[in-house]
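Worksheet for the structure shown next.
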Amino acid sequence: MSTTASAPYGGRLRSACDRCRQRKIRCDRAKPACEACHFASTPCIFTPLPIQPRKSVREQLHDTRAEVRRLEEALRAERGFRQSSSPSLHQSPGLVNDLFDSRGFDVTLKAFRWHLAYCTPGFAASIQSDPAFDLEELFDRVADSFDLQFRTKPARVVLPKWPPRHLIDASLEYFASNGLYSIHPVVDIDALTCLLDASDFEGYEIGTNVADRACLAALTAMVTRIRRQEPAFADADPDAYVQAVLSVLPQLMMEHTNVRALETLIILALYIAPLGQPQTAEMLLAMAVRILFNLGAHRTRSTDEDTAHKHQHQHLRALFWTFYAVDKEMSLRKCQPPMINDADCDLTLPDKYVAQSSEHQFFTSELSPKELLYPSDLRLAMLKSRVYHLLYSEQSLSHSRARRLQLIRELDQELNDLKSQFPSACKPDAVVSGSVPDYLIHDLSLRGVNVHLEYYHCLSKIHGASAIGTPALQSLAPPSTSMELCYQAARSTLIYLRRIRHLIFPETFCLRLHWEDGGEDWLIRFPLPGKSMFLDEKVRREAMLVEFVGSRTEIPVPRVIAYGAAHENPTDLGPFIIMAWIEGRKMSEILRKDTPGEDILNPDIDSRTLGLLYSQMAEILLELWKLDFDCIGCLGQDQQSGQYMVDGPPLTLEVNELMRTCGLGNRTPSGVYHSSTDYIASLLQLQSTHLRDQQNSVYDSEDCREKYACRHLMKAIAFDFISQADNQGPFKLFCEDFGPGNVLVDASLRVTGVIDWEFCYAAPLGFAGTRMRKSIKDKSAWFILAARMVSSVDMIYWELLDEFCWRPRSTIAERVHNVTTIPEKHRERERFVRLKIRHLQEYYTELGEESTVEYEEEGFTKPQETFDHGTSEEDYRQVTAYFD
Numbered sequence: 001m002s003t004t005a006s007a008p009y010g011g012r013l014r015s016a017c018d019r020c021r022q023r024k025i026r027c028d029r030a031k032p033a034c035e036a037c038h039f040a041s042t043p044c045i046f047t048p049l050p051i052q053p054r055k056s057v058r059e060q061l062h063d064t065r066a067e068v069r070r071l072e073e074a075l076r077a078e079r080g081f082r083q084s085s086s087p088s089l090h091q092s093p094g095l096v097n098d099l100f101d102s103r104g105f106d107v108t109l110k111a112f113r114w115h116l117a118y119c120t121p122g123f124a125a126s127i128q129s130d131p132a133f134d135l136e137e138l139f140d141r142v143a144d145s146f147d148l149q150f151r152t153k154p155a156r157v158v159l160p161k162w163p164p165r166h167l168i169d170a171s172l173e174y175f176a177s178n179g180l181y182s183i184h185p186v187v188d189i190d191a192l193t194c195l196l197d198a199s200d201f202e203g204y205e206i207g208t209n210v211a212d213r214a215c216l217a218a219l220t221a222m223v224t225r226i227r228r229q230e231p232a233f234a235d236a237d238p239d240a241y242v243q244a245v246l247s248v249l250p251q252l253m254m255e256h257t258n259v260r261a262l263e264t265l266i267i268l269a270l271y272i273a274p275l276g277q278p279q280t281a282e283m284l285l286a287m288a289v290r291i292l293f294n295l296g297a298h299r300t301r302s303t304d305e306d307t308a309h310k311h312q313h314q315h316l317r318a319l320f321w322t323f324y325a326v327d328k329e330m331s332l333r334k335c336q337p338p339m340i341n342d343a344d345c346d347l348t349l350p351d352k353y354v355a356q357s358s359e360h361q362f363f364t365s366e367l368s369p370k371e372l373l374y375p376s377d378l379r380l381a382m383l384k385s386r387v388y389h390l391l392y393s394e395q396s397l398s399h400s401r402a403r404r405l406q407l408i409r410e411l412d413q414e415l416n417d418l419k420s421q422f423p424s425a426c427k428p429d430a431v432v433s434g435s436v437p438d439y440l441i442h443d444l445s446l447r448g449v450n451v452h453l454e455y456y457h458c459l460s461k462i463h464g465a466s467a468i469g470t471p472a473l474q475s476l477a478p479p480s481t482s483m484e485l486c487y488q489a490a491r492s493t494l495i496y497l498r499r500i501r502h503l504i505f506p507e508t509f510c511l512r513l514h515w516e517d518g519g520e521d522w523l524i525r526f527p528l529p530g531k532s533m534f535l536d537e538k539v540r541r542e543a544m545l546v547e548f549v550g551s552r553t554e555i556p557v558p559r560v561i562a563y564g565a566a567h568e569n570p571t572d573l574g575p576f577i578i579m580a581w582i583e584g585r586k587m588s589e590i591l592r593k594d595t596p597g598e599d600i601l602n603p604d605i606d607s608r609t610l611g612l613l614y615s616q617m618a619e620i621l622l623e624l625w626k627l628d629f630d631c632i633g634c635l636g637q638d639q640q641s642g643q644y645m646v647d648g649p650p651l652t653l654e655v656n657e658l659m660r661t662c663g664l665g666n667r668t669p670s671g672v673y674h675s676s677t678d679y680i681a682s683l684l685q686l687q688s689t690h691l692r693d694q695q696n697s698v699y700d701s702e703d704c705r706e707k708y709a710c711r712h713l714m715k716a717i718a719f720d721f722i723s724q725a726d727n728q729g730p731f732k733l734f735c736e737d738f739g740p741g742n743v744l745v746d747a748s749l750r751v752t753g754v755i756d757w758e759f760c761y762a763a764p765l766g767f768a769g770t771r772m773r774k775s776i777k778d779k780s781a782w783f784i785l786a787a788r789m790v791s792s793v794d795m796i797y798w799e800l801l802d803e804f805c806w807r808p809r810s811t812i813a814e815r816v817h818n819v820t821t822i823p824e825k826h827r828e829r830e831r832f833v834r835l836k837i838r839h840l841q842e843y844y845t846e847l848g849e850e851s852t853v854e855y856e857e858e859g860f861t862k863p864q865e866t867f868d869h870g871t872s873e874e875d876y877r878q879v880t881a882y883f884d
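Sequential numbering from 1 applies to the sequence shown in full-length UniProt numbering.
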């Protein structure tokens, strides 16, 4: 046991050694090692507490006075709120507490109430009219339940505050470097940067135009709110910045042709609208629309302008389309006249607007200011304008029933034509029906989700209009077809949300804790319910693995402070891990090419940088390779001795996804595996089980036969790729999604930490590492990948393994036929095909869709005696017997 030095001045000795303190157990402080360290065969070390710097008396007095002044200011403001009935901006408790405490539960409830008020088809009825369902009672019960679970506090008092200069700088830099103009073209970032460089923003009273300052503060509020998880914005108070901007609203109203004033009003509306106060946002937009027209943003100009004027007008046109989209959304949702009349505007889409057939508008990729995406499709905004004008305007209410139904059919066709221009994998119906694979939904952007949801909203509004009109028409029952389509759109919206809610988020979410006393920052990680199927087990195994890697290797991993299961978390947020925060940038961000829509290695990266990063990555993998295990599975720890051992089945990402997305039951292995053969046999059997049990695992009879043959042939070739020399071990640590994205580096490109050790387990030697060229040449790398990945096994087998293992084929159909030339095997396969076609028909029936899939006889009938160089069907049966 290491000798313990006397405590340094200002510090104290720890009462427990480092190991006991980390495990939160009592330390007997015995020498030469305490009991826990003795059994664990680890050094018993006492690390003194770090010396905490002490503030001088003068510094403490200064801090105390500042705190007193802050409390006095808050107290005066609160008293003013209670005593004054004036509608002043700074003294309205309703405005402060309801509108700008954006994190409060009341804001969420208010926004929900507002949207619910306009969701009934045609507003002909209200959910509140149902005597069996009291909506107000529901709201009260939800609020009471939330308060009991989360102990809600009174809404905080938000005082106006202008953002500091460094935060404005950081917000501008973040907006520019992340290409946010592509989604929210609300400010001319170049103009604001020049403005900031030429102005003094530390003193509000000095030489700064009100509109300029308001625009910078509004942008800072917007960026720090939508990116509040960024460490640079941890101390920001965007609600207070919005309050400060609203305090100068009367002055902004006098700026009739000021671009900065226009930008400010639009940003304020976008910030306030989601907080349950869309009426306030509409008032701000009503002020902005006059500036918009005064500046001529509703018209295009000739192309012979100079570069500066052309750039400014392009920005004004981008602002116009931002305003237009919000205006038409609010107009159609409330069925009230819009602020912009299409007849007075040039509705030519921006030159930089994303191509109609581009998948970039649906899937996540790097943003670029050279391409305008907007939060949703502008063509849908124009369609919303037509829907309101033709079906919901005061003039349209006088249409005859025949004319109204004709307009509904025409608008429905327009919407369908718009949908037909989407890429095939990006149609909303394809997502709802399940024909789009989950791996594509993982990459779906929020803009893509918005487009899909707005499609169903438009469909509902178009056909819901059949229920309104003149009093005489309203007395008649609406056409059943239109109302059924309206309700189907609502059902499809719910099915869509149910399908994507767990697929567009990562498996975990994290919180960073910053301590004001100068201590190290912490990171709290929670696995998301619905993303991880074995929450408690996953967290426990990951925490143990991080501790094990940190104690047995030189790899810098975050120090685990604590972890626990769901029942041990007082916040009811599920299982958790608390770790020390590690500063750094992901290595993958340095290696990746910074091009929108591409996720590839940067070909222009210099060799020195590449060599430095690759060499450190190799050192990490080499450290992991030094760890040996005697069986296959997840790492655990004996509670008595503290010894690490493999004591649980391998928890793999593939099993997690099969259980989560494919409707399979619990498919986790029952225990550890003692040979590579046993484990790979279980993986191949899992592929057959998935094919059998998932209702929509095939598309038609031919696809079913190909997948059936693939799984049998994978079993037949398995022994060719399993090394008997290391079949019984030792086994190596394998991390399924490990890569440069798990490695953090500092400014000098030195590794600071390796994070995210999810889905790591002891695996066969071939999983963790083989000679790369050899494994590619002998196809062993592809076999291992195919065995692990149910979603990719068919593509890998037919493209890379089939002809390598068997003789060349003329078609896949030939190989499929030759697998089952024996009559008994052929009948068994066809029974399986009929079963899967019946499953597929039942699947479409459950979705309420008409199915055209029927069983079809096999088209290939050419006889074949062997399907390898002399390998007969009997030999094939003997090889696969072990795996079956």
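Glycine included, every Cβ here is placed at the ideal spot set by N, Cα and C. None of these values were measured; they are calculated from a predicted model.
| Item | Value |
| --- | --- |
| Cut-off 6 Å between Cβ atoms - residues of its own chain near G648, not counting five sequence neighbours on either side | G633, C634 and G636 |
| Status (buried if at least 16 other CB within 10 Å, exposed otherwise) for C20 | buried |
| Contact belief for Y797 with L691 at Cβ below 8 Å, rounded distance in angstroms | That belief does not hold up - the Cβ atoms of Y797 and L691 are roughly 13 Å apart, past 8 Å. |
| Ordered list of beta strand (DSSP E) runs contained in the segment 633 to 698, each at least 3 residues | 634 to 637 and 644 to 648 |
| W522 - DSSP class collapsed to helix/strand/coil | strand |
| Cα-Cα separation between residue 972 and G584, rounded to whole angstroms | As shown, the chain starts at 1 and ends at 884. That puts residue 972 outside it, with no answer to give. |
| Local conformation of F363 per DSSP, three classes | strand |
| Residues near S445 in its chain [Cβ-Cβ closer than 7 Å; skip 5 each side] | F362, F363 and T364 |
| Sequence-distant residues of its chain with Cβ nearer than 7 Å to I168 (five each side left out) | L196, F201, L216 and T220 |
| Contact under 9 Å by Cβ, L380 with Y455 | yes |
| Beta-carbon proximity of G729 to D628, cut-off 9 Å | yes |
| Close Cβ partners of E255 (< 6 Å) along its chain, the five nearest in sequence each way excluded | A211 and A261 |
| Exposure of K31, with buried meaning 16 or more beta-carbon neighbours within 10 Å | exposed |
| Per-residue DSSP class, three states only, for C735 | strand |
| Other residues of its chain near residue 917: CB distance less than 7 Å, five sequence neighbours each side excluded | The structure shown does not extend to residue 917, since the chain is modelled only from 1 to 884, so the question has no answer here. |
| Straight-line Cα distance separating V451 from A425 | 14 Å |
| Burial state of E484 (16 or more Cβ within 10 Å) | exposed |
| With 16 other Cβ atoms within 10 Å as the buried cut-off, status of L835 | exposed |
| Residue nearest to F526 in terms of C-alpha spacing, selected from R660, T553, T571 and G519 | T571 |
| In chain order, each alpha helix (DSSP H) run of at least 4 residues that lies wholly inside the segment 336 to 415 | 378 to 387 |
| CA-to-CA distance, Q687 to A768, given in whole angstroms | 21 Å |
| Nonlocal neighbours in the same chain, by C-beta distance under 6 Å from S88, ignoring five residues either side | Unreliable placement is indicated for S88, whose pLDDT of 37 sits below 50; the coordinate value is still reported in the next sentence. Answer for S88: no residue qualifies. |
| For S615, three-class secondary structure by DSSP | helix |
| Cβ pair Y174, E230 closer than 9 Å | yes |
| Candidates R386, R403, H399 and P428, of which the one nearest residue 893 by Cα | The shown model of the chain, from 1 to 884, leaves out residue 893, and the question about it has no answer. |
| Every unbroken alpha helix (DSSP H) inside the segment 231 to 309 [4 residues or more] | 238 to 246, 249 to 252, 259 to 272 and 278 to 294 |
| Bounding residues of the beta strand (DSSP E) (the contiguous stretch that carries I561) | V560 to G564 |
| Distance between M587 and F804 (C-alpha atoms, nearest Å) | 36 Å |
| Three-state secondary structure (DSSP) of L497 | helix |
| Contact test: D342 Cβ vs the ligand SAH heavy atom, cutoff 8 Å | You won't find the ligand SAH in this model; it holds no ligand whatsoever. |
| As assigned by DSSP and simplified to three states, the class of R788 | helix |
| For I577, the first and last residue of its enclosing beta strand (DSSP E) | F576 to A580 |
| Cβ neighbour criterion (16 or more within 10 Å) applied to T322 | buried |
| Collapsed DSSP secondary structure at V187 in the structure displayed | coil |
| Per-residue DSSP class, three states only, for V158 | coil |
| Coarse secondary structure for A763, derived from DSSP in three states | strand |
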